[in-house]
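Here's the structure we're looking at; comments come further down.
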Amino acid sequence: MNWQVIGLRLGSGYDIYHTKGKLLNNNLLSNKNTLFGKFNYQFFNISMITIISSTNRPGSSTLKLAKIYQQKLKEKGVEAGILSLAQLPDNIIVSDLYNKRSPEFEPIQQIVSNTDKFIFLIPEYNGSFPGVLKVFIDACNFPESFYDKKAALVGLSSGKYGNIRGVDHFTGVCHYLHLNIMALKIHIAAINKEFDEDGNLFKSDTIKFVNEQIDKIISF
Ligand SMILES: Cc1cc2nc3c(=O)[nH]c(=O)nc-3n(C[C@H](O)[C@H](O)[C@H](O)COP(=O)(O)O)c2cc1C
Numbered sequence: 009m010n011w012q013v014i015g016l017r018l019g020s021g022y023d024i025y026h027t028k029g030k031l032l033n034n035n036l037l038s039n040k041n042t043l044f045g046k047f048n049y050q051f052f053n054i055s056m057i058t059i060i061s062s063t064n065r066p067g068s069s070t071l072k073l074a075k076i077y078q079q080k081l082k083e084k085g086v087e088a089g090i091l092s093l094a095q096l097p098d099n100i101i102v103s104d105l106y107n108k109r110s111p112e113f114e115p116i117q118q119i120v121s122n123t124d125k126f127i128f129l130i131p132e133y134n135g136s137f138p139g140v141l142k143v144f145i146d147a148c149n150f151p152e153s154f155y156d157k158k159a160a161l162v163g164l165s166s167g168k169y170g171n172i173r174g175v176d177h178f179t180g181v182c183h184y185l186h187l188n189i190m191a192l193k194i195h196i197a198a199i200n201k202e203f204d205e206d207g208n209l210f211k212s213d214t215i216k217f218v219n220e221q222i223d224k225i226i227s228f
């Protein structure tokens, strides 16, 4: 077990300074005297995980599911951030393609560059993944953004097949980018019937597969 000093804990999510390592289920906190005074350092063996909610559609089920994934990771002792594609600059096709970079995209690029493992939640749009997801990938720096990193894929749809095709299409893009895809992919069909009135998953088989996928991405 290799413990690493990750950095000053300023809060949750992206305030943590991350380095590469393996994830553990427990984070250890320890007070340390440093040159700068007494700080609360977080010791953990970590990879930075970012959940990508792969649509910018207002009120999307994908974002709801992203929050559930984030909560389940937290329950397993792992902090993950959510990057919703609704956060992309409105004008991204002008401001951030073909070697252009806007100040609005810079923090997004930083999150992507610092991430070791991605969980892409991908809704089915016209039999594939959303166009905005490909625009996002095209806008990110190559190769630093995804090359030799890891990802888990989740498909969802209002229809019957849970975006099997779109996840396959996106797998092809990931292979091109040398982004290593975890074997266990989840497909959630009829997504509108998956949430209870509090917005939680309630079907036992969905919960079982989501938990299995989360456990696997932690140790991937
Ligand atoms: C542009 C668009 C195309 C869609 N195409 C499909 C489709 O081909 N098959 C399907 O089952 N659902 C389709 N849907 C429905 C989505 O799967 C549904 O909205 C689901 O809730 C997941 O997406 P969301 O995160 O936008 O809510 C489409 C939705 C949109 C907005």
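Just so we're aligned: 164 in our numbering is position 156 of the sequence shown, and the numbers increase by one with no gaps anywhere.
C-beta atoms are modelled at their ideal positions from N, C-alpha and C, and glycine is treated no differently.
field: Between the CA atoms of Val181 and Val143 - distance to the nearest angstrom
entry: 12 Å
task: Can you give me the start and stop residues for the beta strand (DSSP E) that Phe144 sits inside?
output: Looking at the DSSP string, Phe144 is not in any beta strand (DSSP E); the run it does join, the alpha helix (DSSP H), is Gly139 to Ala147.
message: With three or more C-beta pairs closer than 8 Å as the rule, is the region 133 to 147 touching the region 103 to 116?
response: yes
field: 8 Å Cβ shell around Ala159 - same chain, five flanking residues per side excluded
entry: Lys125, Phe126, Ile127, Phe128, Cys182, Leu187, Asn188, Ile189 and Met190
- request: Assign Ala198 to one of two classes, buried (16 or more other C-beta atoms within 10 Å of its C-beta) or exposed (fewer than that).
  value: exposed
query: So is Thr42 buried or exposed if we call it buried at 16+ other beta carbons inside 10 Å?
result: Its pLDDT being 42, under 50, Thr42 is placed unreliably in this model, and the coordinates cannot settle the point.
- request: Answer with buried or exposed for Lys233, where buried requires no fewer than 16 other C-beta atoms within 10 angstroms of its C-beta.
  value: The shown model of the chain, from 9 to 228, leaves out residue 233, and the question about it has no answer.
query: CA-CA distance, Phe113 and Ala147?
result: 9 Å
message: Am I right that Gln88 and Gln78 are in contact with their C-beta atoms under 8 Å? What's the rounded C-beta distance?
response: For the sequence presented, residue 88 should be read as Ala rather than Gln. Rounded, the Cβ-Cβ distance is 5 Å, consistent with contact.
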